[in-house]
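Below you'll find the structure, written out as structure tokens, and then a few comments.
Number of protein chains: 2
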Amino acid sequence: MSGGARDPGRSVTSRVLAILGAFDAAHPRLTLTEIAGRSGMALSTVHRLVAELESWRAVRRGDDGRYRVGRLIWELGRLAPDPLQEIARPWLQDLFAGTGENVHLAVRDGIEVRYVDSVYGTRDVPIVPRGGRLPMHPTAAGKALLAHEPAWFVTSYLSRPLERPTPHTIVEPGRLARDLAQVRLRGYATAHEEMTLGSCSAGAPVLVDGRPVAAVGVVLPSRRVRELRRLADPLLAAADGIAAAYRAAVAPP
Amino acid sequence: MSGGARDPGRSVTSRVLAILGAFDAAHPRLTLTEIAGRSGMALSTVHRLVAELESWRAVRRGDDGRYRVGRLIWELGRLAPDPLQEIARPWLQDLFAGTGENVHLAVRDGIEVRYVDSVYGTRDVPIVPRGGRLPMHPTAAGKALLAHEPAWFVTSYLSRPLERPTPHTIVEPGRLARDLAQVRLRGYATAHEEMTLGSCSAGAPVLVDGRPVAAVGVVLPSRRVRELRRLADPLLAAADGIAAAYRAAVAPP
DNA sequence: CTGGGGCTTCCACTGGGTGGAAGAAACGGC
DNA sequence: GCCGTTTCTTCCACCCAGTGGAAGCCCCAG
Numbered sequence: 199m200s201g202g203a204r205d206p207g208r209s210v211t212s213r214v215l216a217i218l219g220a221f222d223a224a225h226p227r228l229t230l231t232e233i234a235g236r237s238g239m240a241l242s243t244v245h246r247l248v249a250e251l252e253s254w255r256a257v258r259r260g261d262d263g264r265y266r267v268g269r270l271i272w273e274l275g276r277l278a279p280d281p282l283q284e285i286a287r288p289w290l291q292d293l294f295a296g297t298g299e300n301v302h303l304a305v306r307d308g309i310e311v312r313y314v315d316s317v318y319g320t321r322d323v324p325i326v327p328r329g330g331r332l333p334m335h336p337t338a339a340g341k342a343l344l345a346h347e348p349a350w351f352v353t354s355y356l357s358r359p360l361e362r363p364t365p366h367t368i369v370e371p372g373r374l375a376r377d378l379a380q381v382r383l384r385g386y387a388t389a390h391e392e393m394t395l396g397s398c399s400a401g402a403p404v405l406v407d408g409r410p411v412a413a414v415g416v417v418l419p420s421r422r423v424r425e426l427r428r429l430a431d432p433l434l435a436a437a438d439g440i441a442a443a444y445r446a447a448v449a450p451p
Numbered sequence: 199m200s201g202g203a204r205d206p207g208r209s210v211t212s213r214v215l216a217i218l219g220a221f222d223a224a225h226p227r228l229t230l231t232e233i234a235g236r237s238g239m240a241l242s243t244v245h246r247l248v249a250e251l252e253s254w255r256a257v258r259r260g261d262d263g264r265y266r267v268g269r270l271i272w273e274l275g276r277l278a279p280d281p282l283q284e285i286a287r288p289w290l291q292d293l294f295a296g297t298g299e300n301v302h303l304a305v306r307d308g309i310e311v312r313y314v315d316s317v318y319g320t321r322d323v324p325i326v327p328r329g330g331r332l333p334m335h336p337t338a339a340g341k342a343l344l345a346h347e348p349a350w351f352v353t354s355y356l357s358r359p360l361e362r363p364t365p366h367t368i369v370e371p372g373r374l375a376r377d378l379a380q381v382r383l384r385g386y387a388t389a390h391e392e393m394t395l396g397s398c399s400a401g402a403p404v405l406v407d408g409r410p411v412a413a414v415g416v417v418l419p420s421r422r423v424r425e426l427r428r429l430a431d432p433l434l435a436a437a438d439g440i441a442a443a444y445r446a447a448v449a450p451p
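Heads up: the sequence lines are chains A and B, in that order.
So for the first sequence, the working numbering puts the first residue at 199; every next one is plus one.
So for the second sequence, the working numbering puts the first residue at 199; every next one is plus one.
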């Protein structure tokens, strides 16, 4: 460009993105003046660029005269992969590095847990393959998620016959409900040979705005059950770290 | 700009948006050359702009060398209100204009239906206020939605004691399941004084990729039950119209 | 070794971009 | 209803950032 550009060296592209970047979770509706202030540009420049963005429906002017993010961006946003996994990976790596145990990341899929990522060494415990799905109540990650689902979901989950992959699986609604209450209290769930004989695990929920977005888990051979306690702190730290990072991604500074 | 611009009159802003607009549901991953082709710009221009977009994380280069929509856009997309209501309104208006009956739009919220919009005249049937919530099984819109939820959801919904606001409410799991099968077959649901004595209704699901995104409904006073049949066609047309428009919004041309 | 497709870099040329300022419109206090 | 304040819109002289053709690079398949 040119003109009396007070700030030469700044590209038009960066200006356009600065305008879009002025919107965040804390400021989803902005006036022209606010956009100018937040993006550090002259009001008239913002005025012109915003008008063009509006004609492309990248932003939209509401009835209140304020601008919001528009439909074009909404549509494009759906094309981007959910960054959950990407955000979580470093924490999984750290957790694995710090403990040496097999760790994984899981999300709820209907009434099952889906294991979406894992970091593991050579420990001899069974690994659920990526994308693998299991019922929720016999797994630590599943219980961590279930414990934080809305009451109606938990109630309806408990009010049906539950699978029992091992004799240790908890299938009595009352006992399972008490277990879940315990999970909410402690902050993490455990499972002792409830899914597979020979291994136990712990799982902590990744809570974003109270919603269980995912769960982080560790698996150990049963003979080392006692060590689960030791793993609780790093596990919770990882889960909270992921939650904070995810929250930050959804609501940038 | 300037230079040998083959296409003077085109602003930088429009170029940036044309690049982003090159991505759609059918083309979520694009090479540089493809972006250039789809946006009608010189490769070198695209190269430079895309590099800058990447530095802002508006796009992102995958391991395969192709570009995808980036995190910035993903984050911004979450700030835009879901255009469902906006998309549906014209169809609701048309439906109301064509039938003269009170019509509404509803979505599922947990295990209830939430009425998010309505268009109504002076007909003397009770109106559910915007944002109002009701159980799913006694309402036509609720049954339209429920009928297309995944099996696990329906099963668990049916396997608990169901509220019975009127003596006509269907609460027997078997009968309700048969009713839902019927809904899937006919394409729309009906409710005869199942929620409120004195009024009946019909509801059709808005199906996008098989998912019940919303439901459109009409309410009549009970004495005019017979007219529900007559309303089925326009109702289904509206639901399909909304589905097509919503689908188009999620996956632009 | 050669051809080709996709990506990257370079650079002479130029017209689209800039922001201060003035004017219009909407708002709010009295 | 009047007037000061805030926000938005329009205008325009100035000029540098943007453009795209072309040449070079890299990798892979034949």
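We put the beta carbon where it would ideally sit given N, CA and C, even for glycine.
Owing to the predicted nature of the structure, the values given are computational and were not obtained by experimental measurement.
Collapsed DSSP secondary structure at residue i in the structure displayed
{"i": "Val-214/A", "result": "helix"}
{"i": "Ala-436/A", "result": "helix"}
{"i": "Ile-389/B", "result": "Reading off the sequence shown, one finds Ala at residue 389/B, where the question assumed Ile. Correct three-state label for Ala-389/B: strand."}
{"i": "Ala-249/A", "result": "helix"}
{"i": "Leu-228/A", "result": "strand"}
{"i": "Met-334/A", "result": "coil"}
{"i": "Asp-431/A", "result": "helix"}
{"i": "Val-244/B", "result": "helix"}
{"i": "Ala-446/B", "result": "helix"}
{"i": "Leu-277/A", "result": "coil"}
{"i": "Gly-415/A", "result": "strand"}
{"i": "Arg-255/A", "result": "coil"}
{"i": "Val-423/A", "result": "helix"}
Buried or exposed by the 16-neighbour rule on C-beta atoms within 10 Å, applied to residue i
{"i": "His-225/A", "result": "exposed"}
{"i": "Pro-365/A", "result": "exposed"}
{"i": "Asp-377/A", "result": "buried"}
{"i": "Ala-447/A", "result": "buried"}
{"i": "Val-326/B", "result": "buried"}
{"i": "Thr-394/A", "result": "buried"}
{"i": "Leu-218/B", "result": "buried"}
{"i": "Ser-316/B", "result": "buried"}
{"i": "Gly-415/B", "result": "buried"}
{"i": "Arg-312/B", "result": "buried"}
{"i": "Leu-290/B", "result": "buried"}
{"i": "Pro-348/B", "result": "exposed"}
{"i": "Arg-328/B", "result": "exposed"}
{"i": "Arg-424/B", "result": "exposed"}
{"i": "Thr-320/B", "result": "exposed"}
{"i": "Arg-213/B", "result": "buried"}
{"i": "Gly-340/B", "result": "buried"}
{"i": "Ser-354/B", "result": "buried"}
{"i": "Arg-421/A", "result": "exposed"}
{"i": "Leu-282/A", "result": "buried"}
Residue i vs residue j beta-carbon contact at 7 Å
{"i": "Val-244/A", "j": "Ala-278/B", "result": "no"}
{"i": "Glu-370/B", "j": "Pro-333/B", "result": "no"}
{"i": "Arg-255/A", "j": "Arg-246/A", "result": "no"}
{"i": "Ala-436/A", "j": "Ala-389/A", "result": "no"}
{"i": "Leu-434/B", "j": "Ala-413/B", "result": "no"}
{"i": "Ala-441/A", "j": "Val-381/A", "result": "no"}
{"i": "Thr-229/B", "j": "Arg-264/B", "result": "yes"}
{"i": "Leu-360/B", "j": "Ala-400/B", "result": "no"}
{"i": "Pro-432/A", "j": "Leu-215/A", "result": "no"}
{"i": "Pro-336/B", "j": "Glu-392/B", "result": "yes"}
{"i": "Ile-271/B", "j": "Gly-275/A", "result": "yes"}
{"i": "Leu-241/A", "j": "Ala-249/A", "result": "no"}
{"i": "Arg-259/B", "j": "Ser-357/A", "result": "no"}
{"i": "Ala-220/A", "j": "Arg-236/A", "result": "yes"}
{"i": "Ser-397/B", "j": "Pro-419/B", "result": "yes"}
{"i": "Arg-287/A", "j": "Leu-343/A", "result": "no"}
Residues of the region 243-254 of chain A with Cβ closer than 8 Å to any Cβ of chain B, in chain order: The residues in question are Leu-247, Glu-250, Leu-251 and Trp-254.
Residues in the region 211-243 of chain A having any Cβ partner in chain B nearer than 8 Å: Using a CB distance below 8 Å, the part of the region 211-243 of chain A facing chain B consists of Thr-211, Ser-212, Val-214, Leu-215, Leu-218, Gly-219, Phe-221, Asp-222, Ala-223 and Pro-226, ordered along the chain.
Every unbroken beta strand (DSSP E) within the region 281-320 of chain B, with a cutoff of 3 residues, ordered by chain: Those beta strand (DSSP E) runs which fall completely within the region 281-320 of chain B and span 3+ residues are 300-307 and 310-317.
Residues of the region 432-446 of chain A with Cβ closer than 8 Å to any Cβ of chain B, in chain order: none
Whole beta strand (DSSP E) elements within the region 338-411 of chain B, 3-residue minimum: 387-390 and 397-406
Where the region 356-385 of chain A meets chain B: residues whose CB sits under 9 Å from a CB there: Ser-357 and Arg-358
Interface residues of the region 265-278 of chain B facing chain A [CB-CB below 9 Å]: Arg-266, Val-267, Gly-268, Arg-269, Leu-270, Ile-271, Trp-272, Glu-273, Leu-274, Gly-275, Arg-276, Leu-277 and Ala-278
Under 7 Å (Cβ pairs) to chain B, residues found in the region 409-433 of chain A: none
Chain A contacts from the region 301-327 of chain B (Cβ-Cβ distance under 8 Å): Gly-308 and Ile-309
Members of the region 383-403 of chain B that neighbour chain A once the beta carbon cut-off is set at 8 Å: Of all residues in the region 383-403 of chain B, none comes within less than 8 Å of chain A when Cβ atoms are compared.
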